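Be aware that the sequence shown starts at 1, since it is given in full-length UniProt numbering, and climbs by one per residue.
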Amino acid sequence: MFKGALFDLDGVITDTSILHFEAWRKLVDTFFSSELPDSLEEKTKGVSRTDSLKVILKHLDVSVSETMFQQLLVEKNAYYKEALQGISSEAILPGVSDFISELKQQQVRLALASASLNGPFILDKLDLRDSFDAIVDPRSVARGKPAPDIFLAAAAALKLKPSKCIGIEDSIAGLRAIKDSGAFSVAVGKTTELQKADLTLSTTAELKLTTICKAYFH
Ligand code: BG6
Ligand code: MG
Numbered sequence: 001m002f003k004g005a006l007f008d009l010d011g012v013i014t015d016t017s018i019l020h021f022e023a024w025r026k027l028v029d030t031f032f033s034s035e036l037p038d039s040l041e042e043k044t045k046g047v048s049r050t051d052s053l054k055v056i057l058k059h060l061d062v063s064v065s066e067t068m069f070q071q072l073l074v075e076k077n078a079y080y081k082e083a084l085q086g087i088s089s090e091a092i093l094p095g096v097s098d099f100i101s102e103l104k105q106q107q108v109r110l111a112l113a114s115a116s117l118n119g120p121f122i123l124d125k126l127d128l129r130d131s132f133d134a135i136v137d138p139r140s141v142a143r144g145k146p147a148p149d150i151f152l153a154a155a156a157a158l159k160l161k162p163s164k165c166i167g168i169e170d171s172i173a174g175l176r177a178i179k180d181s182g183a184f185s186v187a188v189g190k191t192t193e194l195q196k197a198d199l200t201l202s203t204t205a206e207l208k209l210t211t212i213c214k215a216y217f218h
C-alpha cells in the first residue's frame with residue numbers, strides 16, 4: 001500500500017485552472033489588445049507563473065523589458081486573486097473531500113505539490129490546509145514542472161520514497177513530473193497525453209481508494 005499522496009492543486013482539488021486562464025486572457029486583452037486561443041490553456045497548465053508568461057509572450061511574438069515582465073506577472077496575479085475572492089469549500093471538486101477522508105483513514109500522508117504560489121492561500125479558503133502534512137513551496141525547488149523536483153520534494157517532506165507515493169495531476173507537464181519522480185501517477189482528465197498515466201480517470205469524482213489500489217497493485 002502507498003503511504004503518501006502528492007496532490008496537484010489547480011484542476012485536481014479545485015477548478016482554479018479556469019480562473020488562471022481567464023486572468024491571462026484579461027491581461028493579454030488589456031496590455032496587448034489581443035486574444036488567446038483555447039489551445040494555449042494546456043500549455044500554461046501546471047507550469048509556473050513565469051513560465052506561463054513566457055509561453056504567452058512567445059505566442060504573441062512580443063518581447064518586453066524585465067521591468068514590464070515583472071509588472072505583467074503582478075497584474076496577472078491581481079486579476080487571479082480578484083477571481084479567487086469568493087472561493088470557499090464549495091469549490092472543492094466532486095469526490096475530493098471523500099477521497100481525502102479515505103486516505104486519512106488509511107493513515108496515508110498528504111502533501112501539496114503545486115506550482116502555485118497561491119497554494120496555501122487557496123487551501124485556507126477551501127478549509128483544507130489542516131488536511132495536508134506538508135506543502136512544498138514551489139520557490140524551494142530548482143526546476144518547475146515538467147521536471148520532477150516538486151514531487152521529489154513533496155515525498156521527501158513526508159519522509160517517504162517516491163515509490164511509496166501516488167501523485168495526482170491534471171496537466172501534461174505535471175504528469176511528466178510525477179512519472180519522472182518515480183511515484184505512481186494518477187491523471188485526471190480526458191486529454192490524450194494523460195492516458196500515459198499509470199491510472200487515468202475522467203473526473204475527480206472517480207478518485208476512490210479502491211480504484212487506485214486496484215491499479216497500484218496490478
Ligand atoms: C499551476 C497552474 O498550478 O500554478 C498554472 O496550473 C499556474 O496555470 C501555476 O501558472 C502558478 O500559479 P500562481 O498562482 O503562482 O500564479
Ligand atoms: Mg493542475
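Every residue, glycine too, gets a C-beta built ideally from N, C-alpha and C.
Small disclaimer: the values here were computed from a predicted structure and weren't measured.
Cβ of Arg-63 within 6 Å of any heavy atom in the ligand MG? Within the sequence shown, the letter at position 63 stands for residue 63. Note on residue identity: the sequence assigns Ser, not Arg, to residue 63. Checking every heavy atom of the ligand MG against the Cβ of Ser-63, none is found closer than 6 Å.
Start and end residues, beta strand (DSSP E) containing Val-186: Here residue 186 corresponds to residue number 186 of the sequence shown, with the count starting at 1. Note, Val-186: beta strand (DSSP E), 184 to 188.
Return the chain-ordered list of same chain residues with a C-beta closer than 6 Å to the C-beta of Asp-127, the five sequence neighbours on each side being excluded. The residue given as residue 127 occupies position 127 in the sequence shown. Within the same chain, Asp-127 has close Cβ partners Ser-89.
Between the C-alpha atoms of Lys-45 and Leu-53, what's the straight-line distance to the nearest angstrom? Here residue 45 is taken as the residue at index 45 of the sequence shown, counted from 1. Here residue 53 is taken as the residue at index 53 of the sequence shown, counted from 1. Cα-Cα distance, rounded: 12 Å.
Would you give the residue range spanned by the beta strand (DSSP E) that Leu-110 belongs to? If you number the sequence shown from 1, residue 110 lands on position 110. Element bounds for Leu-110: 109 to 112.
Could you give the C-beta distance for Ala-177 and Ile-150, rounded to a whole number, given that I count them as a contact under 8 Å? By one-based count along the sequence shown, residue 177 stands at place 177. By one-based count along the sequence shown, residue 150 stands at place 150. At roughly 7 Å, the Cβ-Cβ gap stays under 8 Å, so Ala-177 and Ile-150 are in contact.
Would you say Ser-171 touches the ligand MG, meaning its beta carbon is less than 6 Å from a heavy atom? Along the sequence shown, one-based indexing puts residue 171 at 171. Because some heavy atom of the ligand MG lies under 6 Å away, the Cβ of Ser-171 counts as near it: yes.
Just the C-alpha distance for Ile-168 and Ala-23, rounded to the nearest angstrom, thanks. As a position in the sequence shown, residue 168 is number 168, starting the count at 1. As a position in the sequence shown, residue 23 is number 23, starting the count at 1. Rounded to whole angstroms, Ile-168 to Ala-23 spans 24 Å at the Cα level.
Is the beta carbon of Ala-157 closer than 7 Å to that of Ala-134? What you label residue 134 is simply residue 134 of the sequence shown in a count that begins at 1. What you label residue 157 is simply residue 157 of the sequence shown in a count that begins at 1. It is a contact, given that the beta carbons lie within the stated cut-off.
Run of the beta strand (DSSP E) containing Ala-5, from where it starts to where it stops: In the sequence shown, the residue the question calls residue 5 occupies position 5. Start and end: 4 to 7.
Sequence-distant residues of its chain with Cβ nearer than 6 Å to Leu-209 (five each side left out): Numbered from its first residue, the sequence shown carries residue 209 at position 209. Excluding sequence neighbours, Leu-209 sits near Glu-102.
Residue ranges of each alpha helix (DSSP H) within the stretch 138 to 179, 4 or longer: 149 to 157
Beta-carbon spacing of Thr-16, Asp-10 below 7 Å: In the sequence shown, counting from the first residue as 1, residue 16 sits at position 16. In the sequence shown, counting from the first residue as 1, residue 10 sits at position 10. In contact: Thr-16 and Asp-10 (Cβ atoms closer than 7 Å).
Among all the DSSP beta bridges, which residues are the ones paired with Ala-134? If you number the sequence shown from 1, residue 134 lands on position 134. According to DSSP, Ala-134 bridges with Ala-111.
Whole-angstrom distance between Tyr-216 and Lys-81, CA atom to CA atom: For the purposes of this step, residue 81 is taken as the residue at position 81 of the sequence shown. For the purposes of this step, residue 216 is taken as the residue at position 216 of the sequence shown. C-alpha separation (whole angstroms): 37 Å.
Give the secondary structure of Thr-203 by DSSP, where H, G and I count as helix, E and B as strand, and everything else as coil. Translated into the one-based positions of the sequence shown, residue 203 becomes position 203. Coil, per DSSP.
Judging by CA-CA distance, which residue of Ile-166, Ala-153, Ala-154 and Val-64 is the nearest neighbour of Phe-2? Translated into positions along the sequence shown, residue 2 becomes position 2. Nearest option by C-alpha distance: Ile-166.
Asp-198 and Ser-185 - do their beta-carbons sit closer together than 7 Å? What you label residue 185 is simply residue 185 of the sequence shown in a count that begins at 1. What you label residue 198 is simply residue 198 of the sequence shown in a count that begins at 1. Contact: yes.
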